[in-house]
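Residue numbers (the numbering used here), protein chains in the order written: chain L, 24 to 135; chain A, 69 to 177.
Quick look at the structure:
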């Protein structure tokens, strides 16, 4: 069973551009979570999704950030009009039952 | 408020020495706690879950509700244990993990 896949692994965007981060959960996992890690900090929860539903988005910034997990295809975290403060590592995790979460390798976003 | 505190950013020990990585939590109710490890250039891996009371790679962690702690211990550190260790609390409703800031363990020969 392949692990959680994320792509791209590294993404460079200029200020004002859009960033799209993709996450493919492990086979059989219907729960997807996104976390952000700023330098020297722990991971911070952003959003929890199940197929076609956002369950908890309490950690998402109110503007510019959105997430989806469509019926087919990977989960997408979208950041519009990126700013320097968005530079971080973004991790996706998946779970079969909402208890144990398995993490992807992360996407390192750099905004120049 | 739900919170996880790892007071040490860096723990440096010599090979063969005992290791204790501290984790304290704040949670009303019965906590579900985990330890994750991240080796250099690798993804976060689940190391321990408190509910199973297991020992993985020689590491153990005991939940102490009185002290609200879930410290990670190993009697004899190995160089390959060098990594970042994160303590995490599963929020009510299983919606999210709340992570501590992490402790970097450096084991010297």
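Even for Gly, the Cβ is constructed at its ideal location relative to N, Cα and C.
In the structure shown, what three-state DSSP assignment does residue i receive?
i	result
residue 117 (chain A)	strand
residue 91 (chain L)	strand
residue 130 (chain A)	coil
residue 147 (chain A)	helix
residue 38 (chain L)	coil
residue 162 (chain A)	helix
residue 101 (chain L)	strand
residue 45 (chain L)	strand
Could you list which residues in chain A have their beta carbon closer than 9 angstroms to that of residue i, in chain order?
i	result
residue 51 (chain L)	Going along chain A, no residue has its Cβ under 9 angstroms from residue 51 (chain L), so there is no contact; the nearest lies around 16 angstroms.
residue 103 (chain L)	Result: empty, since nearest Cβ-Cβ is about 23 angstroms, beyond 9 angstroms.
residue 114 (chain L)	111, 112
Closer than 9 angstroms by beta-carbon distance: list the chain L residues that pair up with residue i, in chain order.
i	result
residue 129 (chain A)	None at all; the shortest Cβ gap to chain L is about 15 angstroms.
residue 93 (chain A)	Those within 9 angstroms of residue 93 (chain A) in chain L number zero; the least Cβ separation is about 13 angstroms.
Would you tell me roughly how many angstroms separate the C-alpha atoms of residue i and residue j, rounded to the nearest one?
i	j	result
residue 114 (chain A)	residue 104 (chain A)	5 angstroms
residue 140 (chain A)	residue 130 (chain A)	8 angstroms
residue 151 (chain A)	residue 70 (chain L)	27 angstroms
residue 100 (chain L)	residue 119 (chain L)	20 angstroms
residue 143 (chain A)	residue 74 (chain L)	44 angstroms
residue 36 (chain A)	residue 78 (chain A)	Missing from the structure shown is residue 36 (chain A); chain A here goes from 69 to 177 and no further.
residue 83 (chain A)	residue 132 (chain A)	27 angstroms
residue 68 (chain L)	residue 110 (chain A)	20 angstroms
residue 104 (chain L)	residue 38 (chain L)	7 angstroms
residue 57 (chain L)	residue 94 (chain A)	23 angstroms
residue 92 (chain L)	residue 43 (chain L)	13 angstroms
residue 51 (chain L)	residue 86 (chain A)	39 angstroms
residue 83 (chain L)	residue 98 (chain A)	26 angstroms
residue 13 (chain L)	residue 157 (chain A)	Residue coverage of chain L in this structure runs from 24 to 135, which leaves residue 13 (chain L) outside it and unanswerable.
residue 69 (chain A)	residue 102 (chain A)	18 angstroms
Run through the DSSP bridge pairs and tell me what residue i is partnered with.
i	result
residue 89 (chain A)	A:140
residue 71 (chain L)	L:56, L:79
residue 134 (chain L)	L:36
residue 156 (chain A)	A:102, A:167
residue 173 (chain A)	A:79, A:151
residue 72 (chain A)	A:93
residue 117 (chain L)	L:55, L:125
residue 110 (chain A)	Paired residues: none, contrary to the question.
residue 66 (chain L)	L:60
residue 112 (chain L)	L:60, L:131
Quick check: is the beta carbon of residue i nearer than 8 angstroms to any beta carbon in chain D?
i	result
residue 126 (chain L)	Among the protein chains of the structure shown, namely L and A, there is no chain D.
Residues of chain L with CB closer than 7 angstroms to the CB of residue i, please, in chain order.
i	result
residue 167 (chain A)	65, 66
residue 163 (chain A)	71, 78, 79
residue 107 (chain A)	Within chain L, no residue comes near residue 107 (chain A); the closest Cβ sits about 12 angstroms away, beyond 7 angstroms.
residue 153 (chain A)	Under the 7 angstroms cutoff, chain L gives no residues; its nearest Cβ is about 11 angstroms from residue 153 (chain A).
Residues of chain A with CB closer than 8 angstroms to the CB of residue i, please, in chain order.
i	result
residue 88 (chain L)	The premise fails here: residue 88 (chain L) is roughly 16 angstroms from chain A at the closest Cβ pair, so nothing lies under 8 angstroms.
Can you pull the chain L neighbours of residue i, defined as C-beta to C-beta under 8 angstroms?
i	result
residue 117 (chain A)	123
residue 170 (chain A)	65
Strictly below 7 angstroms CB to CB, what residues from chain A border residue i?
i	result
residue 77 (chain L)	Near residue 77 (chain L) there are no residues of chain A at all, since even the closest Cβ is about 11 angstroms away, more than 7 angstroms.
Are the region 52–64 of chain L and the region 88–106 of chain A touching by the rule of at least three beta carbon pairs closer than 8 angstroms? no
The region 157–176 of chain A in contact with the region 119–132 of chain L per 3-pair CB rule at 8 angstroms: In short, these stretches touch, since the Cβ pair count reaches three.
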